[in-house]
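Top to bottom, those sequences are chains A and B. In this text, residue positions in the first sequence follow my numbering: the first is 3, and each later residue adds one. In this text, residue positions in the second sequence follow my numbering: the first is 84, and each later residue adds one. Each residue gets a CB set at the ideal place from its N, CA and C atoms; glycine is no exception. Bear in mind that the values here come from a model prediction, so they are computed numbers and not experimental data. To start, the structure itself, in structure tokens.
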Amino acid sequence: NAGVMQNPRHLVRRRGQEARLRCSPMKGHSHVYWYRQLPEEGLKFMVYLQKENIIDESGMPKERFSAEFPKEGPSILRIQQVVRGDSAAYFCASSPEGLRGEQYFGPGTRLTVT
Amino acid sequence: AQSVTQLGSHVSVSEGALVLLRCNYSSSVPPYLFWYVQYPNQGLQLLLKYTSAATLVKGINGFEAEFKKSETSFHLTKPSAHMSDAAEYFCAVGRAAGNKLTFGGGTRVLVKP
């Protein structure tokens, strides 16, 4: 059973460009979470999605950031007009149904804004 | 609201010595508690979880953690450190499946030969 897959693993963008980060959850998992890890900081929750629905986006910056999890295909975290402060590791996690579903993390996408 | 505090951002232990990583949480509802390990430039791997069953939880790689409600703690231990245990460890709290995890700041473990 393949784990959570994220691509690209490394992404370099110039200021003002768009960044698209992709996440394919584990097979059978219908919950997807995105977290951000800034340098020398812990992980911070960004958004929680189920298929075609955003359930909790309380951790998402108000501007430039958006996320989706379509019926078909991976979840996408989109950052428009990137700034240097967006440089971080972005992790996706997925979990199965049920009350005790722990979250399984992908390897992350390391975004560098130049 | 939930929060997690990990005491000590860096811990240095000798190979073969006890590893003790401290985690205290705050939660307004019965918590689900997790320990994750992160190796350099990798994602997080689940070490163990507490979900209101046994208070002493055994995980992978010889780690275990004890849930103490009276102390709101969930400290992680391993009797004998191995060089391969050098990594960063994160304690996290959640409420249930389908709910975000709140992470502590992490503790980086250095194992000396």
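| Item | Value |
| --- | --- |
| Span separating the alpha-carbon of B/Ser135 from that of B/Tyr115 | 7 angstroms |
| CA-to-CA distance, A/Pro76 to A/Ala4, given in whole angstroms | 14 angstroms |
| Residues of the stretch 68-99 of chain A with Cβ closer than 9 angstroms to any Cβ of chain B, in chain order | Ala91, Phe93, Cys94, Ala95, Ser97, Pro98, Glu99 |
| Inter-residue Cα distance where the pair is B/Thr138 and B/Glu149 | 6 angstroms |
| Contact list for A/Gly44 against chain B, beta-carbon separation under 8 angstroms | Phe173, Phe186, Gly187, Gly188, Gly189 |
| Residue environment, A/Tyr2, which counts as buried when at least 16 other CB atoms sit within 10 Å | Nothing about residue 2 of chain A can be read from this structure; chain A reaches only from 3 to 116. |
| Alpha carbon of B/Lys141 to alpha carbon of B/Leu131, nearest angstrom | 7 angstroms |
| Terminal residues of the beta strand (DSSP E) in which B/Glu147 lies | 147-151 |
| Local conformation of B/Asn124 per DSSP, three classes | coil |
| Partner residues on chain B for A/Pro109, Cβ-Cβ distance less than 8 angstroms | Gln125, Gly126 |
| Collapsed DSSP secondary structure at A/Met7 in the structure displayed | strand |
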